[in-house]
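Peer 1:
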Amino acid sequence: NVAMGDVQRGTTEYQTIFAVGTVLFLLTFILNIIAKKVVKKGKELQNV
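Okay, so the sequence shown: first residue is 70 according to the numbering used here, each after it adds one.
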């Protein structure tokens with residue numbers, strides 16, 4: 070059971086957990102960068 074931490078090192082399930090974690094981290098990081106740019110652009114438009 071993956072949720073219980075019963076995954077053995079080196080298995081496909083173990084590697085999949087880290088792959089999914091990496092993808093989720095990258096998506097969050099990219100979305101944060103996009104959101105910062107949108108907020109910055111919105112502030113610039115309000116000052117005009």
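Even for Gly, the Cβ is constructed at its ideal location relative to N, Cα and C.
In terms of residue numbering, what span does the alpha helix (DSSP H) encompassing T81 cover?
Peer 2: 81–115 is the extent of the alpha helix (DSSP H) around T81.
Peer 1: For A104, would you say it is in contact with chain C, using Cβ-to-Cβ distances shorter than 7 Å as the test?
Peer 2: Among the protein chains of the structure shown there is no chain C, as only one such chain exists.
Peer 1: Quick one: measure Cβ to Cβ for V89 and E82, integer angstroms, because I've assumed they're closer than 8 Å.
Peer 2: About 11 Å separates the two Cβ atoms, so there is no contact after all.
Peer 1: Using the Cα positions of N116 and F94, report the straight-line distance between them to the nearest angstrom.
Peer 2: Going from the Cα of N116 to the Cα of F94 covers about 33 Å.
Peer 1: Short of 7 Å in beta carbon distance, which residues of its chain neighbour T91, apart from the five on each side in sequence? Order them along the chain.
Peer 2: Cβ neighbours of T91 beyond the five flanking positions: none.
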